[in-house]
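Enquirer: One structure, as structure tokens, below. Some questions next.
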């Protein structure tokens with residue numbers, strides 16, 4: 456049985472190291488039903504431990520995992536992953552690093 460592959464393009468930026476933001480593409484196993492948070496955790500645990508993102512409750516209560524999925528603001532703990540997707544920080548706030556934003560009002 457062939458394993459499906461997901462292609463995930465993620466915004467990367469560390470202001471202490473990077474002059475400009477960039478996008479990094481990851482190819483991971485695609486599992487039907489995974490949420491975006493599952494994908495981010497897989498990448499962080501298996502491919503790149505430096506990937507920065509926020510999460511806490513995993514039940515849509517704390518709103519710390521907001522990000523942009525293909526240009527639309529979504530909760531990573533609730534939104535289903537896709538076979539191809541682009542993940543970016545919520546541009547309403549200042550980027551601290553990668554997908555982590557400063558949640559204080561701008």
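In our numbering, the protein residues as written are 456 to 561.
For glycine and all other residues, C-beta sits at the position ideal for the given N, C-alpha and C.
Quantities reported herein were computed from a predicted structural model and do not represent experimental measurements.
1. Let me make sure I understand the geometry here. Which of 531, 532 and 495 has the alpha-carbon closest to that of residue 505?
2. How far does the beta strand (DSSP E) with residue 494 in it extend, from its first residue to its last?
3. Suppose the cutoff is 6 Å on Cβ atoms and the five residues either side in sequence are ignored; what does the same chain contact list for residue 469 look like?
4. Per DSSP, residue 531 is paired with what?
5. Under the three-state reduction of DSSP, which class applies to residue 485: helix, strand or coil?
6. Using a Cβ distance threshold of 8 Å, determine whether the segment 467-485 contacts the segment 514-529, with at least three qualifying pairs required.
7. Could you tell me whether the Cβ atoms of residue 461 and residue 490 are closer together than 8 Å?
8. Compute the Euclidean distance between the alpha carbons of residue 458 and residue 529, then round it to the nearest angstrom.
9. Using the Cβ count rule (16 or more neighbours within 10 Å means buried), how would you classify residue 478?
10. Nearest-angstrom Cα distance between residue 473 and residue 544?
Expert: Per the coordinate set shown:
1. Nearest option by C-alpha distance: 495.
2. Premise fails: residue 494 lies in the alpha helix (DSSP H), 491-501, not in any beta strand (DSSP E).
3. Here the set comprises 552.
4. DSSP lists no partner for residue 531.
5. Secondary structure of residue 485 (DSSP, three-state): coil.
6. The answer is no - the segment 514-529 does not touch the segment 467-485, with fewer than three Cβ pairs under 8 Å.
7. Using a Cβ distance threshold of 8 Å, residue 461 and residue 490 do not count as a contacting pair.
8. Rounded to whole angstroms, residue 458 to residue 529 spans 27 Å at the Cα level.
9. Residue environment analysis places residue 478 among the exposed positions, since fewer than 16 neighbouring C-beta atoms fall within 10 angstroms of its C-beta.
10. In a straight line, the C-alpha of residue 473 is about 16 Å away from that of residue 544.
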